[in-house]
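Residue numbers for the sequence shown follow this note's numbering, beginning at 14 and rising by one.
The structure appears below as C-alpha cells.
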Amino acid sequence: MPRPERDVIRPLGVCFLCSMPKKYKPSGAHAHLWADLHRATWEEPFIWISLRSDPEYSAVPVLFWMEIGVHLEAPLEALDFFLREVWVECCGHLSEFRVGRKRYLREPEERGEHSMDLPIFEVFRPGTTFTYTYDFGSPTVIDGKVRDVFQGPAVDQNLWKGVVLLAMRNLKPRMTCSRCDQPARYLYAGEEGGPVELRCGRHTPYGEGLPYVNSPRTGICAYHGPPPGILLEHNEEEPWENIRLF
Ligand SMILES: [Zn+2]
Ligand SMILES: [Zn+2]
Ligand SMILES: [Zn+2]
C-alpha cells in the first residue's frame, strides 16, 4: 500500500560517461546527459530512459533515480533483468511493465497481457511513459520516461548481454538513525514489528535489520542490495572504467 506523503529527498547523482566529478540534481540529469550521449561515437541504436522510483512505495523517503540506455532491439526482458540485478531483486517476485493500458510480463496469461520477449523498439518510443512494478505483494514502483534515441556501444546480440548502459545514478543519501545522531546503516522494524525505521548499528539488534542500501527496495521484503560484483562507485581518475554495461 502507498504510504502517506512525506518530505521526499531527491539525492544528487553522478555521471558514469564523462570525467566531470560533478554531482547533479535529478532535475538536471537530462540537460547534462544530452551532450554526453550525442557526442558518443558508438554505432548501435540505443534508447535513453529516465527512471525515477515512486517514494510512496519505499521504506525511506527518497527518490532514487537512474539514467540508462537500452539497445533498441533488445527484448523488454533485458530491462527487467537489469532493474532486478541493480535495484530490486530479493526473492524472485513477479514484475511487470505498464505502458498505458498494456501490461508486459515474463509469462503473460490473460487477455491484455503481453510478453517481455518483445523488442524494446516495439514497446517504447521517445515520449513514452511507463511504470515498472516489482513484486505485487510489497511492490516497488518505478516510473520511466523514454527520452531519445542515441548511438550506443557495440553489444553481443547472441546473448543480449551488455545491452543496458548505466549512464547516471543517484548517490546514496546520508540518513541518520531514528534513535541517535549516528549514520543509519540498517532498516529495522523494532521488536513489535512496527514501521520500518532507519537505525545505526548500535540501535539494531545483531542480525535483525536489513542493510540500508542505494535502492528503492531498501528495507522491503528480504532486500540486501545487489549481488557482489556490481560495483557502482564512481571512479574519477579513470572515467572510462565507469562505463557499465549489463
Ligand atoms: Zn557526463
Ligand atoms: Zn522478496
Ligand atoms: Zn542509533
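We put the CB at the ideal spot given by N, CA and C, even for glycine.
task: Taking only the alpha-carbon atoms, compute the straight-line gap between residue 35 and residue 64 and give it to the nearest angstrom.
output: Between residue 35 and residue 64, the alpha-carbon positions lie close to 20 Å from each other.
field: Candidates 79, 51, 237 and 75: closest to residue 62 by CA position
entry: Distances from the alpha-carbon of residue 62 to those of 79, 51, 237 and 75 put 79 closest.
message: Residues in the same chain with beta-carbon distance under 7 Å from residue 139, minus the five sequence neighbours each way, listed in chain order, please.
response: Cβ neighbours of residue 139 beyond the five flanking positions: 159, 160, 161 and 162.
- prompt: If you measure from the CB of residue 92, is any heavy atom of ligand 1 nearer than 7 Å?
  reply: Flag unset: Cβ of residue 92 not near ligand 1.
message: Taking DSSP's pairing of strands, which residues face residue 161 in a bridge?
response: 61.
- prompt: Taking any heavy atom of ligand 3 as the mark, which residues have a C-beta closer than 7 Å to it, listed down the chain?
  reply: Selection output, chain order preserved: 190, 192, 193, 195, 212, 213, 215 and 216.
- prompt: For residue 76, which of 222, 205 and 155 has the nearest alpha-carbon?
  reply: Nearest C-alpha to residue 76: 155.
Residue 51 burial status per 10 Å Cβ neighbour count (16 or more: buried): The residue in question, residue 51, is exposed, as its Cβ has fewer than 16 Cβ neighbours within 10 Å.
- request: Would you mind working out which of 204, 91 and 68 sits nearest residue 216, comparing C-alpha positions?
  value: Ranked by Cα distance from residue 216, the first of 204, 91 and 68 is 204.
- request: Find the nearest neighbour of residue 264 within the set 69, 45 and 59, judged by alpha-carbon distance.
  value: Nothing can be reported for residue 264, as the shown portion of the chain is limited to 14 through 259.
- prompt: ligand 1 heavy atoms versus the CB of residue 49: any closer than 7 Å?
  reply: Residue 49 Cβ: within cutoff of ligand 1.
query: Under the criterion of a Cβ to heavy atom distance below 7 Å, does residue 235 qualify as lining ligand 2?
result: The answer is yes for residue 235.
field: Beta-bridge partners of residue 115, as assigned by DSSP
entry: Under DSSP, residue 115 shares a beta bridge with 112.
- request: Return the CA-CA distance between residue 20 and residue 207, expressed in angstroms with no decimal places.
  value: Rounded to whole angstroms, residue 20 and residue 207 show a C-alpha spacing of 20 Å.
- prompt: By how many angstroms is the C-alpha of residue 102 removed from the C-alpha of residue 144?
  reply: CA-to-CA, the gap between residue 144 and residue 102 works out to about 17 Å.
field: Selection from 122, 42, 40 and 88 that minimises the alpha carbon distance to residue 59
entry: For residue 59, the closest alpha carbon among the candidates 122, 42, 40 and 88 is that of 88.
query: Contact between the region 107-121 and the region 187-206: three or more CB pairs below 8 Å?
result: A contact is defined here as three or more CB-CB pairs under 8 Å, and the region 107-121 fails this definition with respect to the region 187-206.
field: Terminal residues of the beta strand (DSSP E) in which residue 179 lies
entry: In this chain, the beta strand (DSSP E) harbouring residue 179 covers 177-183.
message: Among the candidates 31, 178 and 41, whose CA atom is the shortest distance from the CA of residue 85?
response: For the residues 31, 178 and 41, the minimum Cα distance to residue 85 belongs to 178.
- request: Out of 136, 231, 237 and 235, state which residue places its alpha-carbon closest to the alpha-carbon of residue 67.
  value: Minimum Cα distance to residue 67 is reached at 231.
query: Looking only at C-alpha atoms, which of 236, 213 and 151 sits nearest to residue 228?
result: Measuring from the Cα of residue 228, the nearest candidate turns out to be 236.
message: DSSP three-state label for residue 70, please.
response: In the displayed model, residue 70 falls within a helix according to three-state DSSP.
Close beta carbons around residue 148, own chain, < 6 Å, minus the five adjacent residues each side: Hits under 6 Å: 106.
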